[in-house]
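A short write-up of the structure that comes next.
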Amino acid sequence: MNQPGILELVSFGPQGWGKALLAGAWMTVLIALAGYSIGAAIGSFGAWAKISGSRGLRIAADTYTTVLRGIPDLLVIYLFYFGGSAVVTAVGQLFGAQGFVGFPGFLAGSLAVAVTSGAQFTEVFRGAFKAVHAGEIEAAIACGMGRWLRFRRIVAPLTLRHALPGLGNVWQVVLKESALVSITGVAELLRQTQVAAGSTGLPFDFYLIAGAIYLLISTGSGLFMRRAEQHFSRGVRRS
Numbered sequence: 001m002n003q004p005g006i007l008e009l010v011s012f013g014p015q016g017w018g019k020a021l022l023a024g025a026w027m028t029v030l031i032a033l034a035g036y037s038i039g040a041a042i043g044s045f046g047a048w049a050k051i052s053g054s055r056g057l058r059i060a061a062d063t064y065t066t067v068l069r070g071i072p073d074l075l076v077i078y079l080f081y082f083g084g085s086a087v088v089t090a091v092g093q094l095f096g097a098q099g100f101v102g103f104p105g106f107l108a109g110s111l112a113v114a115v116t117s118g119a120q121f122t123e124v125f126r127g128a129f130k131a132v133h134a135g136e137i138e139a140a141i142a143c144g145m146g147r148w149l150r151f152r153r154i155v156a157p158l159t160l161r162h163a164l165p166g167l168g169n170v171w172q173v174v175l176k177e178s179a180l181v182s183i184t185g186v187a188e189l190l191r192q193t194q195v196a197a198g199s200t201g202l203p204f205d206f207y208l209i210a211g212a213i214y215l216l217i218s219t220g221s222g223l224f225m226r227r228a229e230q231h232f233s234r235g236v237r238r239s
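This is how it looks when you write it as structure tokens:
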């Protein structure tokens, strides 16, 4: 019996796995977006704590970035999933539930990705803020701008401009980290690929297809980030 070709494997017909792979790719993007958004919020607070917070906040932010950048991302996902499941099971037992109650894999994976990426966001935002020339802030103060107006019109746009290259790198890392969430049973791209490979006995073909899909997503998002850099760098003299 002849083995099906690549086009047949990714088709949307009854024998193809196109729908499953597309659904998995969409779930991968959702996990990455959720983790990226929450991580950006965490990183914003962490950068603020390192820049203008009290000594206690600086120590807490330094500890957070050191710990999260020093332990494997897979371990963080395990801690969120099994730790969350232990908490949910204990709460469920208080209300009469029996047996193990699993923590939602999507939520556990998104939070784990957010916490790990938040450490990277912290350093990206901190470095971007430090890159803003002090004279630009002093000029805003001399013009009589209040703290909020100064932040909205001067500090935030300039910080974002300097942070964009780093933000693009963090997104690529988050996108790859989302593949680890497959261990929680979430039907993202890698999980769907594993199912397809096991069902057809064609692991190499399907993992090659998954690699192409990941590359397509990362390339498209990379082009978007470069367009964003060009947009926010309008009027900037380049050496």
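Numbering-wise, UniProt numbering puts 197 at position 197 of the sequence shown, and it's gapless, one number per residue. The beta-carbon is built from N, C-alpha and C at its ideal position, and this holds for glycine as well.
Is it the case that the Cβ atoms of F125 and G43 are separated by a distance below 8 angstroms? yes
CB-CB under 6 angstroms to V88, same chain, minus the five flanking residues each way: which ones, in chain order? V101 and F103
Since A40 and V76 should fall inside the 8 angstroms C-beta cutoff, what is the C-beta to C-beta distance between them, to a whole number of angstroms? With a Cβ gap of about 17 angstroms, A40 and V76 do not count as contacting.
Using CA atoms only, rank isn't needed, just tell me which of E177, T159 and L167 is closest to W48. Restricting attention to E177, T159 and L167, the CA atom closest to the CA of W48 is found in T159.
Among R226, G92 and L190, which residue has its Cα nearest to the Cα of G166? R226
Quick one: residues in its chain with C-beta nearer than 6 angstroms to the C-beta of R69, no 5 flanking neighbours on either side, listed in chain order? A119
Quick check on the burial criterion: 16 or more other C-beta atoms within 10 angstroms. Buried or exposed for W17? So W17 ends up on the buried side.
If you run the structure through DSSP and keep just helix, strand and coil, what is P157? helix
Do you know how far the Cα of L216 is from the Cα of L7? 16 angstroms
G35 in three-state terms, based on DSSP: helix
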